[in-house]
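Scroll down for the structure; my scribbles are underneath it.
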Amino acid sequence: MSTKTASQHSIVLGVSGGIAAYKAAELVRLLTDRGHQVQVVMTDSAQRFVGPLTFASLTGRKVITNLFGETDSEIRDSSIEHIDVAQRSDLLLVAPATADILAKFAHGIADDFLTTMHLAYTGPVVVAPAMNTNMWRHPATQSNVAQLAARGVTIVEPDAGDLACGMVGPGRLADLEQIVETAEGALEGRTRTDDLASETVLITAGPTQEAIDPVRFIANRSSGRMGYALAREARERGARVVLVSGPVALTPPNGCEVIPVETAEQMHRAVLERLSESTIFAAVAAVADYRPRAAAPTKLKKHGEPPPLELEPTPDILLEVGRLKGGRIVIGFAAETNDVLENARAKLAAKNCDLIVANPVGSDTSDTGFGSSLNQGWLVDSTGEATELPSMSKREMSARILDKVVHLRKAVESSRSSR
Ligand code: PMT
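Residue numbers for the sequence shown follow the numbering used here, beginning at 19 and rising by one.
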């Protein structure tokens, strides 16, 4: 499966020495899969955790490990290499970034290739810290991070969770897809805005699971990536975010309140409980339309005829929110295998949405939609007008959806004030 995007960039990936250094190999794969050229630079301590050969094999390029080469000619070449690499690349990304590298960047120390290149570099810089919780929380680290952020460096905040050192708390390297999305945002010059600061966004994401018996269920291929990307984008644009999530294997975005659910019934209940505080509702979840009428109390045994599976409809959450809409902006999604726009427009009208994201799904579009990090389709508004969304990351698509929401909000406010 190819996931290449149109815009290819040259990225220097700095790997510094922490237990998360091994995750940089997967990061290289994600970046190269998306068409970027990656030059890996490793610090001395990073090489104690992973060998340069791993990155050389993945990128097909020599990994830079030294400020000075071994031989005379290497020394002559290497002395200007950091300037040359700095001039040739579109982005400097450091993942994982240790407390040490953050301190060196903050204070302009240049004692190896990575730190020297950092000083010679004038393009965008993104750092993804990973370290022990106490080191991350230490005032020295926090002050270094604040200095870097004030200087325009983008920080991909570490996730909270179980750390390799046995502690629990913030310090784990952020989700790799979040790092890629942030890096691509920096490459596209996307600047942070707070244009959703007055909004509370309620989002459903992921699949639902409807029990057949205690061990089996009906579900679907939704990974939750689209809903989580929308949550992350809304949060970074200043919104308060409540994410009602079916069972997924994703790290929740920082700063979002997550309500885990399993079934359509639970998702329905959670949405109705939190609806009154929301100003925007986005139904991204792939909710089961039907569930077994009664789940068997014990595991079904294989003997004789297969047992009949009688189904009943689940509550249609989006339909109900559309009825209770009030002043909120309601966004639906439509996963369609055929007549995509026609079906999406019908759903938009039937469920009283302001916007619907129509995404083609099925074997022809296996690179996008369910499970993929990419999506494509159309953004249809209540006049029926459709804007094409070509294949792009789910984060980028989320940004396009929320741009439209901001536009709708402004249109409502200006029509109110002109009355
Ligand atoms: O999770 P990913 O792997 O990232 O994949 C993303 C996605 C393909 C799941 C997503 O982009 C998407 O299309 N979500 C909606 C899928 C879907 O179930 O569409 P639908 O046409 O069946 O439903 C239409 C709308 O009604 C959806 O907004 C759905 O959330 C909502 N609905 C449907 C049934 C139901 N009982 N309650 C609902 O709220």
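Glycine is no exception: its CB is placed at the ideal position from the N, C-alpha and C atoms.
Beta-carbon proximity of residue i to residue j, cut-off 7 Å
| i | j | result |
| --- | --- | --- |
| Val174 | Thr200 | yes |
| Gly389 | Arg239 | yes |
| Ala148 | Leu191 | yes |
| Val143 | Val171 | yes |
| Ile374 | Val348 | no |
| Gln165 | Ala204 | no |
| Arg346 | Thr297 | yes |
| Arg223 | Gly242 | Correcting the residue identity first, residue 223 is Ala in this sequence and not Arg. It is a contact, given that the beta carbons lie within the stated cut-off. |
| Pro188 | Pro176 | yes |
| Ala64 | Ser34 | yes |
| Ser409 | Leu392 | yes |
| Ala304 | Gly350 | no |
| Ile277 | Gly245 | no |
| Ala440 | Met153 | Outside the shown range of the chain, which is 19 to 437, sits residue 440, and nothing can be said about it. |
| Ile37 | Ala178 | no |
| Thr72 | Asp130 | no |
| Ala257 | Val219 | yes |
| Ala353 | Asn377 | yes |
| Pro331 | Tyr308 | yes |
| Pro271 | Arg253 | yes |
| Ile82 | His54 | no |
Heavy atom of ligand 1 within 6 Å of residue i beta-carbon
| i | result |
| --- | --- |
| Asp385 | no |
| Asn370 | no |
| Ala3 | A query on residue 3 cannot be resolved here, the shown segment of the chain reaching from 19 to 437 and no further. |
| Met153 | no |
| Val302 | yes |
| Asp108 | no |
| Ile335 | yes |
| Asn356 | no |
| Val276 | no |
| Ala353 | yes |
| Phe388 | yes |
| Met244 | yes |
| Gly264 | no |
| Gly350 | yes |
| Ser400 | no |
| Thr332 | yes |
| Ser241 | yes |
| Asn162 | no |
| Asn272 | no |
| Val423 | no |
| Asn84 | no |
| Val68 | no |
| Asn377 | yes |
| Val305 | yes |
Residue span of the alpha helix (DSSP H) that contains residue i, given as start and end
| i | result |
| --- | --- |
| Phe73 | Pro70 to Thr77 |
| Tyr246 | Arg243 to Glu254 |
| Gly203 | Leu194 to Leu205 |
| Arg47 | Lys41 to Asp51 |
| Ile119 | Ala117 to His125 |
| Ser161 | Pro157 to Ala168 |
| Gly350 | Counting along the chain, Gly350 falls outside any alpha helix (DSSP H), though it belongs to the beta strand (DSSP E) covering Ile347 to Glu354. |
| Leu359 | Val358 to Ala368 |
| Glu328 | It is not in any alpha helix (DSSP H) - Glu328 carries neither H nor E in the DSSP assignment. |
| Ile335 | Ile335 to Arg341 |
| Glu291 | Ala282 to Arg292 |
| Thr133 | Phe131 to Ala138 |
| Arg66 | Ala64 to Phe67 |
Residue range of the beta strand (DSSP E) that includes residue i
| i | result |
| --- | --- |
| Arg234 | Arg234 to Ile236 |
| Thr405 | Ala404 to Ser411 |
| Gln57 | Gln55 to Met60 |
| Gln394 | Leu392 to Asp399 |
| Phe86 | Looking at the DSSP string, Phe86 is not in any beta strand (DSSP E), and its letter there is neither H nor E. |
| Ala178 | Asp177 to Asp180 |
| Arg258 | Arg258 to Ser263 |
7 Å Cβ cutoff, residue i in contact with chain C
| i | result |
| --- | --- |
| Gln227 | Protein chain content of the structure displayed is limited to a single chain, and chain C is not contained in it. |
CB-CB length for residue i against residue j, believed under 8 Å
| i | j | result |
| --- | --- | --- |
| Val56 | Leu85 | That belief does not hold up - the Cβ atoms of Val56 and Leu85 are roughly 20 Å apart, past 8 Å. |
| Ala146 | Ala115 | 6 Å |
| Val259 | Glu275 | 7 Å |
| Met415 | Leu407 | 6 Å |
| Thr281 | Thr226 | 5 Å |
| Cys371 | Gly340 | 6 Å |
| Leu132 | Val163 | The pair is not a contact, with the Cβ atoms about 17 Å apart (cut-off 8 Å). |
| Val46 | Val59 | Their Cβ separation, rounded to whole angstroms, is 12 Å, which puts Val46 and Val59 out of contact at 8 Å. |
| Met285 | Ile230 | No, Met285 and Ile230 are not in contact; Cβ-Cβ is about 18 Å, not under 8 Å. |
| Thr269 | Asp213 | Not quite, the Cβ-Cβ distance comes to about 25 Å (not below 8 Å), so this is no contact. |
Any non-hydrogen atom of ligand 3 within 6 Å of residue i CB
| i | result |
| --- | --- |
| Ser411 | With respect to ligand 3, the structure offers nothing, as its ligand set consists of ligand 1. |
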